[in-house]
Each structure stands twice: as structure tokens, then as C-alpha cells.
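Shown next, in C-alpha cells, is the structure this report addresses.
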Amino acid sequence: MSAPVLEIANLSIWLDTTTGRRQVVDNISFSIEAGDTTGLVGESGCGKTMTALAILGLLPASNTHMRCSFIKVKGRDMLGLDGQQRRQVLGHDIAMVFQQPGTALDPVFTIGQQISSVYRRHIGGSRESANRATLKSLEQTGFDHPEEIVRTYPHQLSGGMKQLAMIAMASICHPAVLIADEPTTALDNTTQALIIKQLQRLRTAHGTAILLISHDLAVIRSLCREVLVMYCGRLLEKTDCTRLFSTPRHPYSAGLISCIPIISPQRPGSINTIPGQVPVSTDLPTGCHFSPRCDRTVDRCQQSVPQFETDGDHQVACFRPLP
Amino acid sequence: MHSVWQRLKSDHYGMGGLLVVALFALATLTVWTGLFGQGWAEVSGNSWESTSAAHWFGTNLLGQDIFQRTLFGAATAFEVGLVVTGFSTLLGAILGGLSGWYSKGWVDEIILWIKGVLDSIPFYLFAAAVAFALQGRPWAMHLAMIVTFWTTTARIVRGEVIRIRQQEFIEAARAIGLSQLTILFRHVLPNTVHILLVQATIVFVAAIKTEVILSFLGLGIQDGVSWGLMLAESSQEVLAGHFGNFIAASAALFLLLMGFNLLADALQDATDTRGAMT
Amino acid sequence: MLSGCGEPPSTQSEKPVKVYRHAMDGAPGSLDPAQAASVYANFMVVNLYDTLYRYKYLARPYRLHPNLAADMPTISMDGLQLTIPIKKGVHFIDDPAFENGIGREVRAQDFVYSIKRHFDPKTRAQGAWLWQNRIEGLDEWKSRGSNYDNEISGLRALDDHTIQITLTRPFPQLLHTLTQGYSSVVPQEAIDLYGQQLSSHPVGSGPYQMVSRDPVRAVLARNPAFRAEPFDLQTEGFDKPTQGGLGLEILQGRVPPFTDRLELEFITEDAARWNAFSAGEVHFIKVPVSQFDSVLSGRDPLALSPQFENIYQFRASQDAGFIYTNFNMADESIGYHPDQRQNDRNRLLRCAMVKAFDWEKRNEIFFYGIGRVFPGVLPPSVPEYDANGDSGYILRDLEGARKLLQEGEWNEDNLPVLEYGFPNSVTERQIFEQFRNFMMDIGYPPEKIRPLIFATYGDYQRAYSQGKVTLINSSWTMDYPDAENNMQLYFGPNAAPGSNSSNYDNPEYNRLYRSASSLHESPERTRIYRQMNQLLINDCASITGISRTLLFLWDKQALMVPDRSFLGGYYLRFVEILDSTTVVP
Amino acid sequence: MKEISFITRRLLYGIVLVVGVTFISFLLMVYFGPDKTFELIGKNPTSQQIAEVRQSLGYDRPFLLRYVDYLFELGTLDLGLSDTSGEPVESVLARSLPISIALVVPGFILGNLLGLGFALFAAWNRGRWPDKLIMGASVMGMSISFLVIIIVLQVFLCTPYGLNIFPVRGWQVHDFSSYLHYVSVPTLALVLVTLGYNTRFYRAVMVEEIARDHIRTLRAFGASSFEILFRHVLKNSLIPVLTRVMFSVPFVLISGSLLLESFFGIPGIGLVTFNAITSGDQPILKAVVGLTGVLFVMALTLNDLLYGVVDPRVESS
């Protein structure tokens, strides 16, 4: 495999709320290689989106605090860049597709204006060349009549088309890394498939590494090679996608997988749940955050935090992992 | 409400504002209970006496005590503020609630029309018109403000009621067969209390400012003292070198408005749940 | 001038424009002479139009002088018929109302027409009361439909330049009424063309004509065709001892109006008016009382502060009128009462309030202590004023007041609630609060003296004219220099809505008023007037009164003797500006 | 077609509003309004004379008839004559309105532009000291009464007790420098009194706009602060900004100029209105209220139409 295009080491994030400061991401590290696809999975509110925003440096300064050893994109540490330099990286080397296509685009500019301004910002050149690139990008993303799309305003498009336009915008500079934050959550199934297909195309056509953030294991499975499982701000398991589904080692991962409704006429209505509820982030249990809900908990789990145990490519943070 | 108070307590500016408002409210109470400020009408000295132990802020042209008049002015401001805020908030809540609950219906249309009409008449002209129509009645000013100030409250309440109406617990209330008005007044409007509270402080500020300007123009208070009347007197006096009325009235007015503005801000922050989102 | 110093020739040929800038403390309403009710409107109207008579510029007491009239009238033996010749060759200003736009000659018929207008309901005129029931056939003319084609036997143009007036009964004040703006001569053509809009589009034959006007100022320019009548100090009643230092002598023989342009600034706020004057924006000001302290260095005798001596001329003048507070005698709670005992008690209460009133303090606070307080309705400005009159009426006597209250068995609980009316203004409110304080000193509970504030002066007038106000604070400005004008204020038949706002109705007073009405000023009439004054005092119908002392201040550049009473606007034509060569584009 | 029906609907609603505005103001201001009878009457009037004046003022006519006449007058812009000066109301308005516009426009524009500028700056630095400073100053500005501002400015700038560099009253404007001379202090007063409110309002709008998802998108794609603020935030906030501006025009013109003009003796519409109030000049009052109502409704309608230009979302909804 080639060199990593995105490396994050020891990222921690705190959030200030009216009830005080609380930690939402706790010391996570991972890396992605060029052309690779990695899924970041976890329940809502576990810190996935915060992690993505931290990578791009978009955490709101007024109420968040971040500590991190480095965030490297194509080997350059984002943390060491000034505003100007970082803006050159954003949208060019690393791009992002957001969860809500409905609001992620500026309602008062046309699709064409918004996409071409990204191109002009990073690649430069004339208005015409930017327009050409825009049309091409839209066409590659699967629009049949890109010349009409460029003239439309976001509200004139459906959610799926907006998300596709977002992807066209994200891919216009052929970034090395694309972060897709729940790109399909708000969309129906057929559109989901279309989006996944486009992400796959990006990877194969431009060698873009993709960090796919989702709570939906099915989506992760359909696209990703590797999976990171996150719970209450911590990474619990990191492994190959197929291996995770076949032999999850962390009890939480196992629980997650068993929760996927299996659509089969033989076993109607068999939906498993993980007992208990996700703890409130202001009141996290000591030790392993999952321990109160885990049926394999021992005293140790409540006293100290388990570290990643490396077993080849399969890493897990658990004192009593599943076999 | 408890959490609102908790959040408010942590806002130093807001608490400062609350303190100022409380001090003025206290002053008002002393006037109402007859402890101080009763000598506002009495000539107790000569013209233009400077500050002394007997006359803390000096005296005015007639020889009346400016300090007592300032105190009484605070009571006037509070009286107008309370009456106007109370009635206009009530009116705004009821009409805004009805309007939102029956939105797009004829009730809504009529209320919106009344609102539009009242919004289209320049306020001071309207106040003057009410003063004409109610020649010499002491509550003409109150009425003019109540009748015009409810519209903003109603607009905000209407939006909120439309929002709440779509929520599940309202569906549930409907499902168990509660009447429309019961749901509106028992279950929907109580949920707008935090908005009404913030809006009430804003109306209070507007009422005080307006009282001062109307009294200044002679359309306001009839028998009594208002900071506006003191300013009206002073606008001629300052050029003759007498600043007592002007400084006392404008400083008192500034302090009270500042206090209310800070409080309104803090209340708005404390009741705004959006700020707590991740 | 600086001719020959390289000035462009054009400025040499252009005559410098002399501008007199005047500050007025109020704005005129309508400038239609028939509607010139306010001091301010009258002040302007007499400059835009011609009246038959005016007062002499410098003579005091005021003396009549022919204006448009060629001479004083010829009066018949019975005193009822006056024949007045008018000047020939006087023309109205050029105006589109006239044929070819050129002002035609002023004729006797124009005067007849102008007086008729007051009796035409369409005019909305305000001067009819001056001639009502006085001129033969005039009131009948109105009741027959105000048809201008109908002749009036008592008001006729004998020819183009002779007017004949026949009175129904002796009217000693008639000539005074012919100095009023109301009696100005208006051309019918202008009414035909402008109708009601004549009020903003004057067409007259006065010394000035209108250039522009808005709510804050008016500009008048010299009427180039105004008749040339050389100024004569002697004729105008020049009094060297009192008027010698003003530099008026250089005007002898010159032809008024002396200035080319009048700029009248209407500045109602005292402070703003004083500022405008201090900044040199106007030549003249009636000094606001709030500035008396800085303007004067002494009160007795009145003397100007040294810092102003070199730049300003100064003159104090007694206001032709007075300020007083009437009790509404038609109100049973304080005025006449059918029950004799109650009637007496009410009188005792009124007299107690009169005694509680502190004129000294009122004078000190609102008139800088230099107003003249006098008992009754005969102020120092009229010859009938009695310096040895009943001064007890204007002296504060709290003991006496309390005694009267006791006598009338008045106490805190049974004292009536009084409504003190005034139109909305800061000063009126202060005057009210002071009044209430005076009454508090004799134990009148403050909550029983209530302010009744009116948004407009008209509404206040309506209220007291309909008897809805108990205490009526008023000021009276005399229409002409004859005490009759004051005495009629308490004449029973003039009760509200007439000028008798107190609704005072004393048969004896009414009888005396009637008997004196045909008398000219004379010792006999003076005796009657003083007797009437005493009746008024005995009945305590009014808390009265004070006559203001006005201070006029003007730039030394301006040669003038300003006046605010009967001469009014007539003096403007005699104002001269020295070295003021402002060229107005 | 849609647009035409939209416009007609707006206009119809506008007419309904105008009827309401004129009715209420007529009822209060004219029917129960001031009475000039006794001001326009000579001394010692007879009851016949009183009746004549009342008749000539039209006070004796039935309410509905007078109201219909009023609507007719407004419709034909034949507004009658002032009861005070006898001038045609149209010419009073034609003379005073331009003065008021010239008087308030600089202050209005400056107040809004400065407010927008401060708001952008504060919003971008949200929570940091420039924001706190600006917001603190705004609250102070909001707490000072217009009256106090005017009195203080007048004393300090226009009288010998202060710098005495501007005229204390009047409006003798004949060229640009004299215009500046007369307009400066009123403008300053207007800016001071509106700046606090404008800044706070616009900041709230900006903060909301800056918090929007599409702004995050822009930042994720490397847009500069300048581009975000001046291209995207500003264009998106145009609707609330324009609404505020449009709606405040009739009020600034009447209510704002009322105090300014009566203090500074400027013969604009505010002073005319003030005088009409204090003297009970009904034809002027009727015209001012009626026309403001119409102006307001026009602003309302224009505002709705402008939405379509600024916000592409409106046309299809």
C-alpha cells in the first residue's frame, strides 16, 4: 500500500456547554492511505462529526477546545499551517460532503456559481475554464444535463441531486482525501446507492481516499475496506470491514452488528438491541465507557481504560474481547 | 424556568442589569407606599438652588426638589411600564395564540389585518390621535401604547404557536378529545412563556422610552412628574445654564434603560435553547 | 463703496440689498386679513396690505395717523356719520389676479368689499365682532344672504376715493378698528382667483410683498410701487428726550420703507430664539424671560449688562394686555349659586383663593420680578389705571385667606374639586403647579386641584367656551388702546362663548358698561371704569392680574423703535439698517 | 401568470390595509379629533357664527359622509386646504417632504451602513473582545433617549455654551456646503440613536447567517473570510436587512423627523405634522396619516416584490 494521505494522532476535543466543559473526543488516532476507504461508525453523538470538523479545522473556536499531536494531509501537518495555507489545502487536497444536502449549499447562488468558485479558488484560470470544469465534474457525477444544473438554485433540486452536486463540488479539484459525513442519511435507498456509486467512482478514478462517517453499518459495508468503531469519543475497534462483520471482537461492535435488521422472510421482526442507553457525555462512566451496558464487564473495566491491543490489523480496546 | 434562572445567575451583566432594575423598582415601591417622593409637587425652596443636604439634586425653577421629582419620575416610568407590558403581553399572547392556532383561517386573517393596520400608522401620530380622542384622560397614553405594542408580541407568539402545534403532544391532546381552545390555552400558550418573558422586558424598555417622549411632547402624563416632563423643562433651561433637571432625568433614564436592556439580553440568552446544541 | 478697487462692474450697478431680519416668537396662521386674528398674523398683514389708519411710529400714548386714508374723517354732528377720503393713485401689487397682471388702483369700493367679507360666512372671517351691530345695514346685509351686489346704507363708497360710514349708535373705538389688520383693503379680483388660498397668497398694497413662507420663516420684499411719503420725525411724534439716542434723525425726509427685504424668523422656542439672536442671525429679539438675568444688570432702573451695551440697543415696554385666572362663575361649585348662603360661601372661597395667590412669587418666577401687578382689569398701560387702587387684592394674606375659609365653613373635606385648564405646554404646567402650591399653603388639598390639559389651544378654548373648566388661566391682548376693550371682558352678555370666560354677570356692572360705551376717554368714563373695576374686585370673580414688562433688544446696526402692541407691524417700514450691504442672490 | 396573481394579491391586501388605516386614523384624529372652531372664530361670537364656522370646517356633516370624502380626497390627491395657513395641503407636502427626505437620508444611510459594518465585524469576531465592545456600546446607545442625544448635541455643537459651529435651527439650504452645515447635527443625532439598534439587529442576522451550514461548507472548501462575509453572508442577510430598511422608511420620515425638526426648527414634514397636532389642523393630519399609510403599504408590497429579486426561493413558492 502507498503512503498515508491522512494521519491523525492523539486527537482530543472538549466542548463548553452551559453546564461546563466536557470531553467529546478522547485521544483518537488513525490514518488512511491513498485510494483507501475507511468507515467511521458509531451512534449519534459519539464524536464522529466533531472528529471530521477537527480534521478540517472547522470546530467553532468559541466553545470548543482541541488537543492533537498532528493532523497530516498528504504529509503536511494542518496544525502548523497559517489560515492562508490551510485554505489552500481545504477543498483542494481534502474535501468534505455533509450530512444535510438541503442546507449545505448556499440558497442564493446557483449550483454552477458555487462549484466553479471552488475551482477558481484553487486552480485559478478563466471563468470559462472554470465553467468547463464545472460542467465536466457534474457530468462525471452522473448528471445528464449539466448545463441546466449549473443554472439552477439549490432549492430547485431534490435532496439526492443536491448531494450529487456536493460530490461534484468536492471532486472538482480531485482531492486526495474526501470526508463524507453521513452522506446518505437524509436520502432514500435508491439515491443512497447512487451516492455510494459516485464515491466509489471517485476512489477508482482519482485515487481519492475516503473517510466515510456513518451510523449505518450497511452503508459502511457497501463501500469501506476498513472500519473504525467509535463510542463516546473513543475508538474501540479498528479492523478490516469483512473481518468486523464476521468476527467482531469488541462487545460493542458485536452489539452493533447484531442490531442490523436482517431482512429475511424466515425471521420476521427479529431485531436485537443493546441493553441500556448511551451515557450522557457529562456523566461518563469511569474506565471503559461501554462497561455499564456490557455483559462481559469485570471490575477492571470500571477502573481503568483499556488500550488498543494489536492483533495484526485487528485492533481492539477491550480487556475481555470476544474471541 | 429554574434552569433559566440558573443560566441567568451566571451572566454577570444580566445580574448587574437586574440589580439596577431592582433598585429602581425599590425606589418606585417607596413612592407607592408613601415613604418618599411625596413632595414632588411641593415648593420647598427657591429657584435653582444647588445641591445641598435638603435638596440632593437641587431645585427647579419653581423651587421644587429635583430629587423627589426624579424619584416620582421612576414611579411614573414603572407604572406605565408595568401596565403597558402587562396588558400588551396579555393581548399579544391571546391574539397571537389565536392567530397561530387558526393560522390561514379567518380568525388569523382578521388579526393579521388589525395588526397590519396598527403597524401602518406612525406611532406618535397614533398616540396623538388617542390623546385627542380621550382628551385629558390620564390613561390615554397607556392605551395608545397597549394598542400598538401587542403586535410584535403577537407576531412572535403566532410563529411559536404554529411551531408547537405541529408537535406530537398536541396531537395527543387532540386525540384524547380536548377542545381547541383548551389545548391552546392550557397546553400551547404555557409553552411560550419564555418568549413572552423576553418580549415583556423589551416592551418594558419601549414603554419607558415612549412614556418619556410622549410626556415630553405633552401627550403623556397628566398630573404628576415624568422624566420626559423634566427633560421638556430642561430643554429650555440648559441654555440658561441650569442643568439640574437635565442631568437628573437623563441619568436616571439611562441607568434604568441600561439595566433593562442588559436584563433583556441576559434573559434572551438564558431562554435560548439553541445555544446549547452541539 | 469700494468702487475702483478692481471690483467687477456688475456689483457697482447692482444696488446693495438691505435686509432686516426679525425674530418672532410665533408663526402666523392665515395671512388673509379677514383671518388675521393672531398678533403674528396681524404683524405681517399690515405690511402686506393697507389699512385706512395706523398709529404714529413714535408717539406714545398711541395716536392715530392716516395711512391709506388721505386725512382724518369728517364726522357729522351726532357723531354717527364718518366720511373718509382715501389717497389717489395707490395701486395693488402686480398679480395675475388683475387684468394683464398689473395692479390696479385701490378704490373706496375695495374697502367696502373688504369689510363686507367679514359678514360673509364663506370667508371664515374673524373680525366681524368689531363692527357687529354698529354699522347701519351691515348685519341685515348678512341676514339677506351676504350678496355683494346688495348695497349697505351705512357702508358706502361715495365715489372712488370717498368712504362713508354710518353708525347705528356712537362707537368711539371705530377708528381704532380701522388700524387693525382685519380692516385691510383686499381686491375682489384676488378673492375671485385665489379664494381661500388668499391666506397664503397675499395681494395687497402695503409697503412689502410676499416672497416666500414656510412654517419657520417668511421673506418679504419691498413693494417697489409703494407710495412715496417722506418720513417726518415731528409728524410721527418724535420725542427727543426718550428717543434721541437712537439715531433716528438721519431718517428725516427719506422715503420708507427703508429696507428692501424683511426676513421674519418664526422661532417659538425661547432658547432657540435667543441663540439665533446671540449668533447674529437676526437683528431683533423680544428677550425670553429666562435670559433676563444675563441681559440686565439692574432691575430698578432697568439697565443693560455692560457686555451688551456696545452692540445692542435696548428698550423695555409694558405689554398691552394682562394675564389673569378666571373663576368660572357659572360653575355652582365655586361661582354663582341659587342658594344665597352657598352663593356667599362660594364668594368667600374665591376671595380666600385670591388672597392665597402670591403675585410677588408669580412675578419673580415667571416675569423676572419686573411685571406690573395690578388689581382688576385696568392695567398700568391704560390711562384709567389707578395707582392708588385696592392693592389689598393683589397682596398675599394667608391669615386673611384662612379666616375667610373659616367664615365660609370651608375645610379640607368640603372644599370643592377644581379643574384648572390649560393648553399643553411646559410653562403652562409650571404655572399650574405654582398655583396649586399657593393654594396648598391655605390647606387646599393638592388632589382637589386637578390639571385639565388640552392638546391644542383650540380645544382649550372650546372647553372653557362651553363652561367646562373651573379655573381658566388666560391672557388678554388688547385690540386697541382703549380700556373699553378690557371692560367688555366681564360684561354679562359677553359670557361664554364670548370673551367673558368667567361668565361674570353683575347687573350693576352691565349697566355701567352700557352707560359708558358711547363715551370717549374722559374723567367721567374713568370714574365709571374704576367703579366697575371695584365691583369685580368685590366679587372676587378673577385672580387678576399682571402685565408683562417686555424687553426688546436689537442690533445697533438697526435704527428702529420696536413695538409689539398697537403699532405692531407698522414700524417695520421705518426700520433702517446701517452698513448692512448683504447682497442676496 | 403566477407573478401577476401574486402582485394583484399583494395590492388587494394593500388596499384592504389602507382602508383600515384610514378608517382608524379618521375616527380618532378627525371624528374625535381636535376642534378648531373656537380658534377660527372671532371674539364674542353668536351661536350663528359658531354654526357657520363648524359648517365651513365640515364638522357638522355625518361621520360616514366625511369618511367617504376623505377616501375620495386621498384617491384624487385633492387634499384640501390647511386650516391654519390656508395653503393647499398638497403644496405644504410638496414643500416639506423633500426637506425631510434631505434631512433624514444621510443619517438613515449612515446609520444602516455603519450598523451593518459593525454588525459584520462583531459577528465575525463573535464572543471575542471586538464583539463584546461593539455590543456593549450598542446597549449603551440603545439606552440613551433620542431627546437626550438631541439636547446634548444641540448644546455642544450649536450654541455658544459649546463649540457653536453649527446653526441651532433653520434650513436655509441653497448649495451643498450650506446643506452640510444644516444637516450635520441632525444626522449625527439620527446616527447615534439608530446605530445601537441597527448594529444589534444586523449582528443577530449575521450571527444566524454565519452559523448556517452552507457557510461551513464554504469554509470546508477554503473560502476566505472576506469572500464568506461580503459575498455569501451579506447576500443571504439581504432579506432581513432590506425588510428592516424598507419598513423603517415611512417611520423615520415622520416619527424621526418629528423630534428632529421641531428641535432644529426645520420646516419639513415632521414639523408640519407636529404643528398640525398642536394646532389641530385636520386637513394636514388627515393627509399625513393617509399618505403614510399608503406609503407603508407600498413599502410592504415593494418589499415582497423585492424578495423575488434577492431570494431565488421566493418566485416558485
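Chains as they are written, first to last, in the working numbering: chain A, 1 to 323; chain B, 1001 to 1278; chain C, 2001 to 2585; chain D, 3001 to 3317. Ideal Cβ positions, reconstructed from N, Cα and C, are used throughout, including at glycine. Just so it is clear, the structure is predicted and the values come from calculations on it, not from any experiment.
- By a beta-carbon distance limit of 8 Å, ARG2436 of chain C contacts ILE2449 of chain C. Their separation comes to about 5 Å.
- Restricting attention to D:LEU3040, D:ILE3109, D:LEU3242 and D:ILE3149, the CA atom closest to the CA of LEU1253 of chain B is found in D:ILE3149.
- Contact between ARG2054 of chain C and ASN2042 of chain C fails: their C-beta atoms lie close to 12 Å from each other, not under 8 Å.
- Distance between CYS232 of chain A and VAL1080 of chain B, taken at the CA atoms: about 54 Å.
- Cβ contact annotation for ILE3144 of chain D (same chain, cutoff 6 Å, sequence separation greater than five): none.
- Residue burial annotation: VAL2417 of chain C is exposed, with fewer than 16 other C-beta atoms found within 10 angstroms of its C-beta.
- Per DSSP, MET78 of chain A lies in no beta strand (DSSP E) segment and is marked neither H nor E.
- In this structure, the CA atom of ILE2135 of chain C is about 49 Å from the CA atom of PRO1138 of chain B.
- What ASN2494 of chain C touches in chain D, judged by beta-carbon distance under 8 Å, is ASN3044, going in chain order.
- When DSSP states are grouped into helix, strand and coil, LEU15 of chain A belongs to the strand group.
- By the neighbour-count definition (other C-beta atoms within 10 Å, threshold 16), PRO2507 of chain C is an exposed residue.
- No residue range can be given for LYS1104 of chain B, since it is assigned to no alpha helix (DSSP H) and is classified by DSSP as neither H nor E.
- In the structure shown, ILE2311 of chain C falls within a coil segment according to DSSP collapsed to helix, strand and coil.
- ILE94 of chain A is not a Cβ neighbour of ALA165 of chain A, given a cutoff of 9 Å.
- The beta-carbon distance between MET2329 of chain C and ALA2463 of chain C, rounded to whole angstroms, is 16 Å. This is too long to meet the 8 Å contact definition.
- With a 10 Å radius around the Cβ and a threshold of 16 neighbouring Cβ atoms, TRP1150 of chain B comes out buried.
- Under the three-state reduction of DSSP output, ALA2221 of chain C falls in the strand class.
- Considering only D:PHE3274, D:THR3278, D:LEU3302 and D:ILE3269, the residue with the shortest C-alpha distance to LEU3291 of chain D is D:ILE3269.
- Residue environment analysis places MET2353 of chain C among the buried positions, since at least 16 neighbouring C-beta atoms fall within 10 angstroms of its C-beta.
- Comparing C-alpha distances from ILE167 of chain A to each of A:HIS314, A:GLY91 and A:GLU147 shows the shortest one belongs to A:GLY91.
- Between MET1258 of chain B and VAL3139 of chain D, the beta carbon gap of about 7 Å places them in contact (Cβ cut-off 8 Å).
- For LEU3271 of chain D, at least one C-beta of chain C is nearer than 9 Å to its own C-beta.
- Each residue's CA atom was taken as its position, placing ILE3266 of chain D and ALA1129 of chain B some 23 Å apart.
- With a beta-carbon spacing of about 5 Å, HIS2161 of chain C and ILE2086 of chain C fall inside the 8 Å limit used to define contacts.
- The beta carbon of SER1234 of chain B is closer than 6 Å to those of ASN1245 and PHE1246 in its chain, skipping five residues each way along the sequence.
- Within chain D, no C-beta atom comes less than 7 Å from the C-beta of LEU157 of chain A; the nearest is roughly 12 Å away.
- Here the C-alpha atom of ASP181 of chain A lies approximately 14 Å from the C-alpha atom of THR103 of chain A.
- Here VAL2211 of chain C is near ARG2261 of chain C, since their CB atoms are less than 9 Å apart.
- DSSP places PHE109 of chain A outside any beta strand (DSSP E), giving it a letter other than H or E.
- The beta-carbon distance between LEU3260 of chain D and VAL1212 of chain B, rounded to whole angstroms, is 16 Å. This is too long to meet the 8 Å contact definition.
- The C-alpha of ALA2303 of chain C lies about 6 Å from the C-alpha of LEU2296 of chain C.
- In this structure, the beta-carbon distance from THR1271 of chain B to LEU1197 of chain B falls below 9 Å.
- In the structure shown, ILE2577 of chain C falls within a strand segment according to DSSP collapsed to helix, strand and coil.
- In the DSSP assignment, PRO4 of chain A is bridged to A:GLU33.
- Here DSSP, grouped into helix, strand and coil, assigns LYS2142 of chain C to helix.
- Not a single CB atom of chain D sits nearer than 9 Å to the CB of GLY2204 of chain C.
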